[in-house]
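Under numbering that gives the first Met the number 0, the sequence shown has 242 at position 243, and the numbering climbs by one with no breaks.
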Amino acid sequence: MVLDLVPIWTVLLALAVFYYVVFDGFDLGVGMLYGFTPNDSERTIVMNSIAPIWDGNETWLVFGGLGLLAAFPPAFAIIIPAVYFPILIMLLGLIFRGVSFEFRFKHSGLRRFWDRAFAGGSAVATFAQGAVLGTFIQGFKVDGRHFTGSSFDWVTPFALLTGVALMFGYGLLGAGWLVLKTEGELQDWARRAARICLLAVLIAILAVSIWTPLANADIGRRWFSWPNIGFLSPVPIVTVLLATGEWYALTHRHELMPFLGAIGLFLMSFIGIAISLWPMIVPFHYTLWEAASSESTQAFVLIGTLLLLPIILMYSAWSYWVFRGKVRDDVGYH
Numbered sequence: 000m001v002l003d004l005v006p007i008w009t010v011l012l013a014l015a016v017f018y019y020v021v022f023d024g025f026d027l028g029v030g031m032l033y034g035f036t037p038n039d040s041e042r043t044i045v046m047n048s049i050a051p052i053w054d055g056n057e058t059w060l061v062f063g064g065l066g067l068l069a070a071f072p073p074a075f076a077i078i079i080p081a082v083y084f085p086i087l088i089m090l091l092g093l094i095f096r097g098v099s100f101e102f103r104f105k106h107s108g109l110r111r112f113w114d115r116a117f118a119g120g121s122a123v124a125t126f127a128q129g130a131v132l133g134t135f136i137q138g139f140k141v142d143g144r145h146f147t148g149s150s151f152d153w154v155t156p157f158a159l160l161t162g163v164a165l166m167f168g169y170g171l172l173g174a175g176w177l178v179l180k181t182e183g184e185l186q187d188w189a190r191r192a193a194r195i196c197l198l199a200v201l202i203a204i205l206a207v208s209i210w211t212p213l214a215n216a217d218i219g220r221r222w223f224s225w226p227n228i229g230f231l232s233p234v235p236i237v238t239v240l241l242a243t244g245e246w247y248a249l250t251h252r253h254e255l256m257p258f259l260g261a262i263g264l265f266l267m268s269f270i271g272i273a274i275s276l277w278p279m280i281v282p283f284h285y286t287l288w289e290a291a292s293s294e295s296t297q298a299f300v301l302i303g304t305l306l307l308l309p310i311i312l313m314y315s316a317w318s319y320w321v322f323r324g325k326v327r328d329d330v331g332y333h
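Here it is, written out as structure tokens:
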């Protein structure tokens, strides 16, 4: 009996994507909120809240891309050409926000420029990621195992909507992080920002939840046919409960719960997308099993992955433990 490695790789890639969305999502959200921070002293605190950990968060982006290439090469060969431009835009945004950590403190004469680079790079990278997600959900033009669309197929109303929606989603994560890591007036400001982002996220979730089943009959039948509608009803119910709890936590001055609630909303959205598209990895052309690499390739890469993954997890956990607690303007990245 041959062990089927496709479910294992599916779980690993799903975890990599979710970890990236949560961990790099909150620091991109902090970067976008940085542009609205009231004064220079508070901007320093905001940047210091993520300075020790931001680059480690992007490990999951690399892991997800390489895992897709190794375990599902036909999917990689179709998806990446379809989203070349938003990926390029994302990388440029990440580069600008990355170098701004150094240059903001090293070149005080251009501090205002690097402030804008940090906030703008975060916003551009987030929007591009959302556009990639929207393009993936709406599907690709495929002939055989080749993408046959144009370089601008990602410029659609749905993809642009998901780009804007992800900006507010990451903003909610970032505001939750700032509530956890800051105090006083800056924390109160982060709570107000989180409430605005939460309302926008809920509108976006509702819009996408209506748009996708209307645009694709198969998705509509999966969610609204009987008995599926009964089995899947916990997804929207839990989402509503999480949103209610998030609003309560923000208005009753909880510190940890706003961040955890934002993660919960992302988790439910992630589950909703997985339910809509399962078992497709190239919607709506190839399943996970049809796009999988050979069993020997999957097994070989899996050995190295299972050796390195615990190290990555332990390093990440240790980083967050070391830099736990509140951030002050007199201690941090200088």
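Note that the Cβ used here is the ideal one computed from N, Cα and C, for glycine as well.
Check	Outcome
Suppose you measure from the CA of Pro51 to the CA of Val98; what does that come to, to the nearest Å?	14 Å
Would you give the residue range spanned by the alpha helix (DSSP H) that Val300 belongs to?	Glu294 to Val321
Who are the Cβ neighbours of Tyr33 in its own chain at under 8 Å, not counting the five residues just before and after it?	Arg42, Val45, Met46, Asp114, Phe117, Ala118 and Ser121
Roughly how many angstroms lie between the CA atoms of Met89 and Arg103, to the nearest whole one?	21 Å
Candidates Thr125, Met31 and Phe146: which alpha carbon is nearest Pro282's?	Phe146
Are the beta-carbon atoms of Phe135 and Ile78 separated by less than 8 Å?	yes
Who are Leu134's beta bridge partners in DSSP?	One point to set straight first is that residue 134 is Thr, not Leu, in the sequence displayed. Bridge partners of Thr134: none, in fact.
DSSP on Tyr19, reduced to helix/strand/coil?	helix
In this structure, does DSSP put Ile204 in helix, strand or coil?	helix
Name, in chain order, the residues that DSSP records as bridge partners for Asp142.	His145
Considering only DSSP beta bridges, list what Thr286 is partnered with.	Met279
When the Cα atoms are used, what is the spatial distance from Trp246 to Ser40?	28 Å
Quick check on DSSP: helix, strand or coil for Val10?	helix
Can you tell me the Cα-Cα spacing of Phe341 and Leu305, whole angstroms?	With the chain running from 0 to 333 in the structure shown, residue 341 is simply not present.
Out of Ala248, Trp277, Ile280 and Tyr83, which one is the CA nearest neighbour of Gly148?	Tyr83
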